[in-house]
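Working notes, beginning with the structure itself.
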Amino acid sequence: MRIAIVGCGQLSRMLALAGIPMGLKFSFINDNAQPDTACINGLGDLVDWQLGDDFADLYAALGEPDLVTVEKEQLNVDLLIGLQAFCPVYPSPDAVAVCQDRHQERLLLDKLNIPCSGYVYGEPLDVCVERLSLPLVIKSCRDGYDGKNQWVLRVPEDVIALEAEFAARQPLNRDYIAEQFVSFDREVSQVSARTINGDIYHYPLAENEHQQGILKQSIAPAPGTNNHHQALAQQYLERIAKALNYVGVLAVEFFVCGEQLLVNELAPRVHNSGHWTQSGSQTCQFENHLRAITGAALGSTKAHVISGMVNLIGIEKPALSALSATSKLYWYDKSVRPGRKLGHMNFQASDIETLNAAMLQFRDNIHA
Ligand code: AMP
């Protein structure tokens, strides 16, 4: 069976590396003229695509795959719709369309009665401040990830400055949401897999630490959460997945506020906060995504012990001497650039104190 993946980054790489032992073949679509495609070297053919290219030619160049899937949500949905004429696409173009647009995401959450922070769509910033209150987070509806295209407004001067910046842009684009800033206790994410038949398996919640909007590290099962949080996260995710008729791995990021969970965003794909599953769970998120979309039964999502993941951002590959008996290195073979996710380290321990100490020592060594 052949699977074509839209994208040629590290998530495509890790999907292929999980699928090759299962006898799956892969091909990849470079849909945004990505110059650095070393991540997927040797894992399958890479085909360039741009809007206007013939879909039959693309399908043939991909080796007539049995399925198409994605490693990202920021893509032209017409690509998925075009390929759907030849084979199934999971998750569906409709599901990806909702998750690639923050406003559409919010409308879905409102419809499903799932709590998130207060928001206003598409209004001048002074109106947003009037309807909500400072501080606010302004987020472009599209092309915002890892904190990009986001602005925090804390004082009236910030509002004036950003409004002037927006006004200077031609044409004026108000395709953004203004979100109430949330003073959360912690950030967590729920990663789950749903099959074509609607079966869902959930990984335990991961607790995530961000720096300037980029995920720095995750720990799972999330130490500061309880059974109530876990049940609530699963319930919300199931409601979303069912409404989208979702197939594959879906991730939902939450802010924890006391006993409440507020949704921050959805990701229709395998997720950085689920990388710990490669060494900390019986079946990793990459394999479960492939099982879900191929119609196979899902594998156990149980955590062996406590796991941690540290992202390697903008640094050279750590020396292999940095490895210990309880850590594993995953390097993506990308060229090194500041702020770029280049690899990650997974850690395991039988208790949270040992795990924290190992992760802290590693981060100290790499100055992260
Ligand atoms: P996002 O791209 O929406 O995941 O945002 C990146 C990070 O910015 C989040 O993981 C939070 O740490 C922070 N952030 C985003 N939205 C809010 C908010 N409404 N209130 C407080 N922090 C936020």
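Everything in the sequence shown is counted per my numbering, starting at 172 for the first residue and increasing by one.
Just so you know, even glycine gets a beta-carbon here, dropped at the ideal spot from N, CA and C.
Quick caveat: nothing in here was measured; it's all calculated off a predicted structure.
Who are the near neighbours of residue i in its chain, counting only those whose CB is closer than 7 Å to its CB and skipping five residues on each side?
i, result
"Cys270", "Glu244, Glu276, Leu437, Ala438, Pro439"
"Asp207", "Lys505, Ser506"
"Glu350", "Ser288, Tyr290, Leu307, Val308, Lys310"
"Leu403", "Leu432"
From the DSSP output, which residues share a beta bridge with residue i?
i, result
"Ile484", "Lys512"
"Lys365", "The sequence as given places Arg at residue 365; Lys does not occur at that position. For Arg365, which the question treats as bridged, DSSP gives the partners Ile371, Gly419."
"Ser498", "Phe518"
"Gln140", "Here the chain has residues from 172 to 539 only, and residue 140 is not among them."
"Ala349", "Val291, Ile309"
"Gly479", "Ile390, Phe518"
"Glu334", "DSSP output for Glu334 lists no bridge partner at all."
Spatial neighbours of residue i within its chain, please: CB distance less than 8 Å, with the 5 preceding and 5 following residues excluded, ordered by chain position.
i, result
"Gln532", "none"
"Val476", "Gly451, Gln519, Ala520, Ser521"
"Gly485", "Val507, Arg508, Pro509, Gly510, Arg511, Leu513"
"Gln383", "Gly318"
"Cys210", "Cys179, Gly180, Gln181, Ser183, Arg184, Tyr503, Asp504, Lys505"
"Ile176", "Ser183, Leu186, Ala187, Phe197, Ser198, Phe199, Ile200, Val239, Thr240, Val241, Glu242"
Keeping to the same chain, check which residues put their C-beta closer than 6 Å to that of residue i; ignore five residues upstream and five downstream.
i, result
"Val185", "Looking at the sequence provided, one finds Met at residue 185 rather than Val. If we look at Met185 and ignore the five residues flanking it on each side, its Cβ neighbours are Phe457."
"Pro264", "Val248, Leu251, Ile252"
"Asp219", "Asn201"
"Gly190", "Leu461"
"Ala422", "Ser360, Val362, Ala438, His442"
"Leu279", "Val269"
"Tyr501", "Gly514, His515"
"Glu424", "Ser360, Asn435, Glu436"
"Asn398", "none"
"Pro259", "Leu238"
Can you tell me where the beta strand (DSSP E) holding residue i begins and where it ends?
i, result
"Arg325", "Here Arg325 belongs to no beta strand (DSSP E), and DSSP marks it neither H nor E."
"His442", "From DSSP, His442 is part of no beta strand (DSSP E); its letter is neither H nor E."
"Gln388", "385-391"
"Thr465", "Not the beta strand (DSSP E): Thr465 falls in the alpha helix (DSSP H), residues 456-465."
"His381", "377-382"
"Val507", "Unbroken run through Val507: none, as it is neither H nor E."
"Leu238", "238-241"
Identify which residue in the options has its Cα closest to the Cα of residue i.
i, options, result
"Val323", "Tyr347, Asp281, Cys179, His538", "Tyr347"
"Phe199", "Ala209, Pro192, Gly215, Met193", "Gly215"
"Ala463", "Lys499, Ser495, Cys210, His373", "His373"
"Thr240", "Ala187, Gly194, Ala209", "Ala187"
"Ala118", "Gln405, Phe257, Leu222, Glu350", "Beyond the ends of the chain as shown, which are 172 and 539, falls residue 118; an answer cannot be given."
"Glu378", "Ala364, Gly395, Ala468", "Gly395"
"Met530", "Pro262, Gly466, Pro236, Lys387", "Lys387"
"Pro262", "Ala339, Thr465, Ile537", "Thr465"
"His515", "Glu430, Arg345, Ser498", "Ser498"
"Lys196", "Leu233, Cys312, Leu222", "Leu233"
"Ala467", "Ala404, Leu333, Pro489, Gly369", "Gly369"
"Gln221", "Gln205, Gly213, Ala393", "Gln205"
"Arg410", "Phe352, Asn284, Leu254, Glu380", "Asn284"
"Phe337", "Asn320, Arg325, Tyr407", "Asn320"
"Asp272", "Ser311, Asn517, Met480", "Ser311"
"Ser492", "Leu296, Lys473, Ile537, Thr366", "Ile537"
"Glu524", "Ile390, Lys473, His400, Val298", "Ile390"
"Leu296", "Asp281, Arg325, Ala339, Ile331", "Ile331"
"Asn203", "Asn212, Pro192, Gly213, Asp224", "Asp224"
"Pro375", "Ile367, His381, Pro392", "Pro392"
Going by DSSP, what residue range makes up the alpha helix (DSSP H) through residue i?
i, result
"Ala256", "Run containing Ala256: none; DSSP gives neither H nor E here."
"Ser304", "Unbroken run through Ser304: none, as it is neither H nor E."
"Gln275", "273-282"
"Ser450", "448-451"
"Lys413", "398-414"
"Phe226", "226-232"
Counting pairs of Cβ atoms below 8 Å between the region 427-437 and the region 290-307, do you hit three or more? no
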